[in-house]
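This report concerns only the one structure given below.
In the numbering used here, the protein residues as written are 81 to 626.
Below you can see the structure in the form of structure tokens.
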């Protein structure tokens, strides 16, 4: 009998922007997993391999297997530990790898039999060969940087494609920048590497053949190497133009790409209609502090508008809790977001991830909060949010208390997703997109939707029919704005906005215990540090007037 390998993707721990509610609305998880199909493709044919993604299916701890492989991201820490503990209780050989394992192996050694550190293209097959010969080691470390030509076509056939809205393809790895808080360059190095273009097109064709019409390009920074990015996006454009129904892409850009009209025009023509942008902060001192120099070279507001003008919708990533942040940062971030018209704005409290220069500095200054100590800190500081990668700050901020940081972060999210504020950003978005020539972006033809897309549309309509009160009014207004728009991809954007907003609202209720649609649940802003009661709170109107 061939050895049996079970590959497990742990479910994310809680966070506001985790789309955990999407399956309840449309019956699908937003994005497929890429790591496990890649590991499966690297597994020799002498092994039987099975994949379980706990985001879309239940994990049976009694599944017959000889090896359990578990991915280890920061966002997986709590759930991954529970999973590996259960399998080890049953006598299974547990192997854990991934970014968190690589940057902090000491966190994982007590929980796993084997650690795989670094990229897995060479180490995973080596471990399996050693296992077959009966002499596997307890740790495998990739010392070099992998040539991405060695990465095989992922075994997406082992997933359940019908359970995901979007596929994932990774054309490149790493980033040339040196943001103090980022662990990508710690894990992958600063030298960006691209897959051969024919490999990328082959992967796109595979996910297309499996029925996907939306794909996330899971680069850390797709546009970091301009020449490579031009070549890649032009190849994607040519491939996409040959399709009856063009594929829609989501990607990650650094904001400096907005200053290159050629790259923006080509990205839009290739089908990229949403890009994640690390805005981080409207405070220039914070950007200097964290070495986010690429955001300092021009006006970010103008750069974000340029993306809209090419038919590309930015998704903003922001952080609060920098050393140069004080209590005013929450209002400043809100005002910046409203002015820019970015409909979906993510916000996180500052975290010092393992291996980063930020963590080293926080340790030196005595301001680091370890994940394993967070529960005690939460109780001592009077915090409300539980332990997760998205809701647990791992530093003591410099110019506010932890309680003020948590309150301000909660106020910001609740305020951003109040109906009036959200609709104002959506309206601003469509106002600019309506100026984009129809020839600039691939047209997503409603009458050529696939069966799976039709199911999603139907389930959205069913959900809409069940909405009441403020939620129904919000959905009607978003749909109305989309119907008035002349932008050729308006239908896809409206569906994305409805699904994303509803998931964010669900998470705000479940995790933060606030409802942006409840007019009686007014956002509360933390008072200023010099107040007699530093942890007291005031309604936002009182603070704004002060």
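Backbone N, C-alpha and C define an ideal beta-carbon position, used for all residues, glycine too. Note that this is a predicted model, so its numbers are computed, not measured.
Worksheet item: Which residue comes first and which comes last in the beta strand (DSSP E) that contains residue 606?
Response: The count along the chain shown starts at 1 and reaches residue 606 at position 526. Where residue 606 is concerned, the enclosing beta strand (DSSP E) stretches over 604-606.
inquiry  = Quick check on this structure: which residue in 191, 145, 143, 185 has the alpha carbon closest to the alpha carbon of residue 159?
reply    = As a working mapping, residue 159 is identified with position 79 in the chain shown. Of the listed residues, the one whose Cα sits closest to residue 159 is 191.
message = In whole angstroms, give me the CA-to-CA distance for residue 300 and residue 328.
response = Sequence index remark: in the chain shown, residue 300 carries index 220 (1-based). Sequence index remark: in the chain shown, residue 328 carries index 248 (1-based). Cα to Cα, the separation comes out at about 19 Å.
Assigned secondary structure, residue 437 (DSSP; H/G/I helix, E/B strand, else coil): The residue labelled residue 437 in the question sits at position 357 within the chain shown. It is helical.
- request: Look at the alpha carbon of residue 116 and the alpha carbon of residue 564, and state the distance between them as a whole number of angstroms.
  value: Working through the chain shown from its first residue, we reach residue 116 at position 36. Working through the chain shown from its first residue, we reach residue 564 at position 484. Their Cα atoms are separated by approximately 42 Å.
Checklist entry - What residues in its chain sit with their C-beta under 8 Å from that of residue 554, if we drop five residues either side in the sequence? => result Counting from 1 along the chain shown, the entry for residue 554 is found at position 474. For residue 554, where only same-chain residues beyond five positions count, the Cβ hits under 8 Å are 499, 502, 503, 581, 597.
Notebook entry, point to check: Roughly how many angstroms separate the alpha carbons of residue 568 and residue 246, rounded to a whole number?
Noted result: On the chain shown, position 488 is the one that residue 568 refers to. On the chain shown, position 166 is the one that residue 246 refers to. So the alpha carbons of these two residues sit roughly 20 Å apart.
Taking the straight line between their C-alpha atoms, what separation do you get for residue 205 and residue 326? Translated into the one-based positions of the chain shown, residue 205 becomes position 125. Translated into the one-based positions of the chain shown, residue 326 becomes position 246. Each residue's Cα considered, the two are about 36 Å apart.
Notebook entry, point to check: Can at least three beta-carbon pairs, one atom from the stretch 126-145 and one from the stretch 220-228, be found at a separation below 8 Å?
Noted result: no
Of all the options 338, 343, 487, which has the alpha carbon lying nearest to the alpha carbon of residue 317? Locating residue 317 in the chain shown gives position 237, counting from the first residue. If we check each option's Cα against that of residue 317, 343 comes out closest.
query = Rounded to a whole number of angstroms, what is the C-alpha to C-alpha distance between residue 527 and residue 309?
reply = Looking up residue 527 in the chain shown gives position 447. Looking up residue 309 in the chain shown gives position 229. Any answer about residue 527 is weak, because its pLDDT of 44 lies below 50 and its placement is not dependable; what the coordinates show is given next. Approximately 32 Å, taken between the alpha carbons.
Notebook entry, point to check: In or out: residue 390 buried (at least 16 other Cβ within 10 Å) or exposed?
Noted result: Numbered from its first residue, the chain shown carries residue 390 at position 310. The residue in question, residue 390, is buried, as its Cβ has 16 or more Cβ neighbours within 10 Å.
Can you tell me which residues form a DSSP beta bridge with residue 356? Residue numbering aside, residue 356 sits at position 276 when the chain shown is read from its first letter. Paired residue(s): 332, 395.
Q. Between the C-alpha atoms of residue 474 and residue 118, what's the straight-line distance to the nearest angstrom?
A. By 1-based counting over the chain shown, the position of residue 474 is 394. By 1-based counting over the chain shown, the position of residue 118 is 38. One C-alpha to the other measures close to 32 Å.
### Query
First and last residue of the alpha helix (DSSP H) that includes residue 557?
Residue 557 sits at position 477 when you count from the first residue of the chain shown. 549-564 is the extent of the alpha helix (DSSP H) around residue 557.
| C-alpha gap between residue 449 and residue 151, whole angstroms | Taking the chain shown and counting its residues from 1, the one referred to as residue 449 is at position 369. Taking the chain shown and counting its residues from 1, the one referred to as residue 151 is at position 71. Straight-line Cα distance between these residues: approximately 24 Å.
Am I right that residue 493 and residue 588 are in contact with their C-beta atoms under 8 Å? What's the rounded C-beta distance?
Locating residue 493 in the chain shown gives position 413, counting from the first residue. Locating residue 588 in the chain shown gives position 508, counting from the first residue. About 6 Å separates the two Cβ atoms, so the contact holds.
**Request:** Could you tell me the distance, in whole angstroms, from the CA atom of residue 267 to the CA atom of residue 153?
**Result:** What you label residue 267 is simply residue 187 of the chain shown in a count that begins at 1. What you label residue 153 is simply residue 73 of the chain shown in a count that begins at 1. Cα to Cα, residue 267 sits roughly 11 Å from residue 153.
Q) So, helix, strand or coil for residue 82, using DSSP? A) If you number the chain shown from 1, residue 82 lands on position 2. Looking at residue 82 - three-state DSSP - the assignment turns out to be coil, as it is neither helix nor strand.
- Task: Would you decide whether residue 626 is buried or exposed? Buried here means 16 or more other CB atoms lie within 10 Å of its CB.
- Result: Translated into the one-based positions of the chain shown, residue 626 becomes position 546. The predicted position of residue 626 is uncertain, since its pLDDT is 33 and thus under 50; no value can be drawn from it.
* Under the assumption that residue 442 contacts residue 489 (Cβ atoms under 8 Å), give the Cβ distance between them as a whole number of angstroms. => The residue labelled residue 442 in the question sits at position 362 within the chain shown. The residue labelled residue 489 in the question sits at position 409 within the chain shown. The Cβ separation is near 18 Å, so there is no contact.
Review point. Residue 594 lies in the alpha helix (DSSP H); which residues open and close that run?
Key: Translated into the one-based positions of the chain shown, residue 594 becomes position 514. It is not in any alpha helix (DSSP H) - residue 594 carries neither H nor E in the DSSP assignment.
- Task: Report yes if the CB atom of residue 208 is closer than 8 Å to the CB atom of residue 241, and no otherwise.
- Result: The count along the chain shown starts at 1 and reaches residue 208 at position 128. The count along the chain shown starts at 1 and reaches residue 241 at position 161. No. Outside cutoff.
- Item | Continuous beta strand (DSSP E) assignments of at least 3 residues falling wholly in the stretch 174-222 | 194-197, 219-221
- prompt: Does the distance from the C-beta atom of residue 417 to that of residue 401 stay below 8 Å?
  reply: Against the chain shown, residue 417 aligns to sequence position 337. Against the chain shown, residue 401 aligns to sequence position 321. It is not a contact, given that the beta carbons lie outside the stated cut-off.
query: How should residue 433 be labelled, buried or exposed, when 16 other C-beta atoms within 10 angstroms of its C-beta is the threshold for buried?
result: In the chain shown, counting from the first residue as 1, residue 433 sits at position 353. Buried, since its Cβ has 16 or more Cβ neighbours within 10 Å.
Taking only the alpha-carbon atoms, compute the straight-line gap between residue 104 and residue 377 and give it to the nearest angstrom.
If you number the chain shown from 1, residue 104 lands on position 24. If you number the chain shown from 1, residue 377 lands on position 297. Roughly 43 Å between the two C-alpha positions.
Quick check on DSSP: helix, strand or coil for residue 295? Along the chain shown, one-based indexing puts residue 295 at 215. Residue 295: strand per DSSP, three-state reduction.
Problem set entry | Opening and closing residue of the alpha helix (DSSP H) in which residue 122 lies | The residue labelled residue 122 in the question sits at position 42 within the chain shown. Note, residue 122: alpha helix (DSSP H), 115-122.
Quick one: complete beta strand (DSSP E) runs, 3+ long, within the stretch 127-155?
-> 128-133, 147-151
(message) For a quick check, are the C-beta atoms of residue 67 and residue 249 less than 8 Å apart?
(response) The displayed coordinates of the chain run from 81 to 626. Any statement about residue 67 would go beyond what the structure contains.
Discussion item. Threshold first: 4 residues or longer. Then list the alpha helix (DSSP H) segments lying entirely within the stretch 424-510, N to C.
Written reply: 437-445, 454-461, 482-496
On a CA-only basis, which of 506, 487, 243 is nearest residue 604? Give me that one, please. Counting from 1 along the chain shown, the entry for residue 604 is found at position 524. Selected option, being the one with the closest Cα: 487.
| request: Name the two residues that bound the continuous alpha helix (DSSP H) containing residue 384. | output: The sequence position of residue 384 within the chain shown is 304, counting from 1. Here the alpha helix (DSSP H) through residue 384 covers 380-389.
For the candidate residues 132, 111, 464, whose alpha-carbon lies nearest to that of residue 120? One-based indexing of the chain shown puts residue 120 at position 40. The shortest Cα separation from residue 120 among 132, 111, 464 belongs to 132.
**OP:** Please go through the same chain and pick out, in chain order, the residues whose beta-carbon is closer than 8 Å to the beta-carbon of residue 263, but skip the five residues on each side of it.
**Re:** To locate residue 263, count along the chain shown from 1; it is residue 183. Contacts found: 154, 179, 183, 433, 434, 435, 436.
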